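In the UniProt record's numbering, the protein residues as written are 1 to 261.
A short worksheet on the structure shown next.
This is the structure in structure tokens:
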């Protein structure tokens, strides 16, 4: 497994080409070898994204892409990923309208054809979870369920492994009350990319934290990941207590000390 940085962590510092290049160098200097492209400035062309990353020795392994582009601009999106040398096309979250018992099956109906196009191009559509996907929806004949099922279970059953992978996020599984290692096992053949972030607390409030600085059992999580399809462990921290660059550096140093680089 190769350690990477999810650029959403430093999104405020990647909105123009100059800032993007400076940020990429800082990430490479930390020791990271791979990155996920997410929430960068729209005016930065895919060719320049790849050139800047390659100059610093960073491989682009995953993106988060606009859901509307996945749906309606699939071919051009695939070509942009070819330019960047990126195999995994990520969906950061399920659009709001699908998150109900009446509309969950519409998600599969709408995204299946783009998923097939992406697979035919030798790539894979990746779904990134938050906590809401672990909400159970009631059994209804019109959503294909004979018993209550979690949204993530609808996704697992609604797409084949060749059509959709999962970017499992350790923090959000825990925030949903799930057992991270259990879900790694359940999805072990469908998680080439995983998001690592830790969880701490401030009173009753949950907070995101650098990897191995919070309360998640990362020795067990990483050991479990070793026996799965996971290729890339990507550090992400949506919110940071202090500098996001310091958070990325702390996470990398902790992972490197544990043997993951």
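Heads up, the beta-carbon is just placed ideally off N, CA and C, and yes, glycines get one too.
In this text the structure is predicted, and so the values were computed from the model without any measurement.
Figure out for me which residue from the options has the closest Cα to the Cα of residue i.
| i | options | result |
| --- | --- | --- |
| residue 13 | 77, 27 and 75 | 27 |
| residue 192 | 165, 75 and 96 | 165 |
| residue 84 | 100, 71, 55 and 195 | 55 |
| residue 105 | 235, 196 and 158 | 158 |
| residue 232 | 79, 43, 131 and 167 | 167 |
| residue 223 | 238, 188 and 46 | 188 |
| residue 39 | 19, 50, 20 and 11 | 11 |
| residue 184 | 214, 221 and 150 | 221 |
| residue 200 | 181, 47, 241 and 64 | 241 |
| residue 229 | 161, 209, 153 and 237 | 161 |
| residue 205 | 175, 101 and 88 | 175 |
| residue 209 | 225, 245, 178 and 181 | 245 |
| residue 63 | 179, 37 and 170 | 37 |
| residue 43 | 18, 59, 35 and 53 | 18 |
| residue 81 | 186, 49 and 194 | 49 |
| residue 153 | 186, 170 and 65 | 186 |
| residue 101 | 68, 69 and 151 | 151 |
| residue 69 | 90, 156 and 86 | 90 |
| residue 130 | 194, 217 and 254 | 194 |
Alpha carbon to alpha carbon, how far is residue j from residue i? Give it in angstroms, no decimals.
| i | j | result |
| --- | --- | --- |
| residue 61 | residue 190 | 15 Å |
| residue 41 | residue 219 | 35 Å |
| residue 109 | residue 140 | 17 Å |
| residue 4 | residue 33 | 6 Å |
| residue 78 | residue 113 | 14 Å |
| residue 71 | residue 123 | 15 Å |
| residue 247 | residue 7 | 12 Å |
| residue 196 | residue 235 | 5 Å |
| residue 20 | residue 143 | 43 Å |
| residue 121 | residue 75 | 9 Å |
| residue 117 | residue 111 | 10 Å |
| residue 237 | residue 252 | 12 Å |
| residue 226 | residue 128 | 20 Å |
| residue 133 | residue 172 | 9 Å |
| residue 35 | residue 180 | 23 Å |
| residue 295 | residue 177 | The question about residue 295 has no answer here: the residues shown for the chain are numbered 1 through 261. |
| residue 57 | residue 47 | 15 Å |
| residue 239 | residue 103 | 30 Å |
| residue 92 | residue 258 | 28 Å |
| residue 88 | residue 66 | 14 Å |
| residue 86 | residue 45 | 14 Å |
| residue 217 | residue 170 | 10 Å |
| residue 9 | residue 29 | 16 Å |
Starting from the C-beta of residue i, find all residues in its chain whose C-beta is less than 7 Å away, skip the five residues before and the five after it, and write them out in chain order.
| i | result |
| --- | --- |
| residue 256 | 31 |
| residue 107 | 94 and 98 |
| residue 22 | none |
| residue 149 | 136 and 137 |
| residue 250 | 210 and 213 |
| residue 24 | 52, 53, 56 and 58 |
| residue 119 | 162 and 163 |
Give me the DSSP bridge partner(s) of residue i.
| i | result |
| --- | --- |
| residue 233 | 3 and 194 |
| residue 209 | 198 |
| residue 128 | 167 |
| residue 36 | 6 and 62 |
| residue 89 | 125 |
| residue 71 | According to DSSP, residue 71 bridges with nothing at all. |
| residue 248 | Answer by DSSP bridge pairing: none, since residue 248 is not bridged. |
Leaving out five residues before and five after residue i in sequence, what residues of the same chain have Cβ atoms less than 8 Å from its Cβ?
| i | result |
| --- | --- |
| residue 115 | 125, 159, 163 and 164 |
| residue 147 | 139 |
| residue 215 | 198, 199, 200 and 201 |
Short of 6 Å in beta carbon distance, which residues of its chain neighbour residue i, apart from the five on each side in sequence? Order them along the chain.
| i | result |
| --- | --- |
| residue 16 | 41 |
| residue 261 | 3 |
| residue 207 | 200 |
| residue 1 | 230 and 233 |
Any heavy atom of the ligand ATP closer than 8 Å to the beta-carbon of residue i?
| i | result |
| --- | --- |
| residue 191 | This structure lacks the ligand ATP, and indeed carries no ligand of any kind. |
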